[in-house]
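Numbering (the numbering used here), first residue to last: 1282 to 1531.
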């Protein structure tokens, strides 16, 4: 079905270009702005993302169509791989909030942490370091959340500057998320197992395009690293974890 340069009616079927994908490494990727998004979009990746908890809410407060500040809450979660300019994001969030509105930003500190050095020299550490290197070359900062609070307190002018956006009150909480079931405690083991499964499901899709196209590794090198990383990921003698930052401003 052809399309018109005019606005397309909601009754028009999707064009065939919507379903055109790029096939590489045994995966499929978006053809739209090819290479901009390095993750696959195939069924395995959709199933991995479907396992993530998702909540969507809406304000029941009456609004006029011309409202300048349409939101009471702006929420963002794990967007460090999407945003290159956090100050702009914070300013935009502030400008979109009603007086007295809140903003909440949740994000990973993508670099794996370890309690005892057992991560040092492992394939898992190498995989993680290469991931950070790759996304950095794409202009993304996997470590941005670590500076959220610091930038507010010090009033610095570089990345993740929240105070300049106009927010007044700031609350930050940090959580440790085990990478597998090594941690003590029932809840910690459950969370660790869920995180291990999440990483395991993305162990191939996350790096294969990034490591080959951006870092110049061969497919064979990446596949070998993935296998070694898979082994380490299941090793409960490697006591690694992620830091999650919850950042609330109003």
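For glycine and all other residues, C-beta sits at the position ideal for the given N, C-alpha and C.
C-beta contact flag for residue i and residue j at 8 Å
i	j	result
residue 1391	residue 1419	no
residue 1523	residue 1387	no
residue 1415	residue 1496	yes
residue 1482	residue 1403	no
residue 1455	residue 1526	yes
residue 1361	residue 1425	yes
residue 1515	residue 1479	no
residue 1510	residue 1500	no
residue 1365	residue 1518	no
residue 1385	residue 1503	no
residue 1459	residue 1472	yes
Three-way DSSP call (helix, strand, coil) for residue i in this model
i	result
residue 1450	coil
residue 1367	helix
residue 1382	strand
residue 1499	coil
residue 1484	coil
residue 1509	helix
residue 1347	Residue confidence for residue 1347 is low, a pLDDT of 47 falling below 50, so the modelled location carries little weight and cannot support an answer.
residue 1490	helix
residue 1462	coil
residue 1441	Because residue 1441 sits at a pLDDT of 44, beneath the cut-off of 50, its placement in the model cannot be relied upon, and the following sentence gives the value as read from the coordinates. Coil.
residue 1517	coil
residue 1479	helix
residue 1325	helix
residue 1421	coil
Those residues which DSSP pairs with residue i across a bridge
i	result
residue 1457	1524
residue 1357	1386
residue 1472	Per DSSP, none; premise fails for residue 1472.
residue 1352	1378
residue 1529	1385 and 1452
Cβ-heavy atom distance, residue i to the ligand COA, below 7 Å
i	result
residue 1529	Absent from the structure shown: the ligand COA. Ligands present: none.
Any chain D beta carbon closer than 8 Å to residue i
i	result
residue 1525	As a matter of chain content, chain D is missing from the structure shown, which is built from one protein chain.
> Unbroken beta strand (DSSP E) runs of length 3 or more, entirely within the stretch 1385–1415: which are they?
Replying inline: none
>> If contact is defined by three or more beta carbon pairs under 8 Å, each pair taking one atom from either stretch, is the stretch 1406–1419 in contact with the stretch 1488–1507?
In response: yes
>> Any contact between the stretch 1370–1379 and the stretch 1350–1358? By contact I mean 3 or more CB pairs, one from each, below 8 Å.
In response: yes
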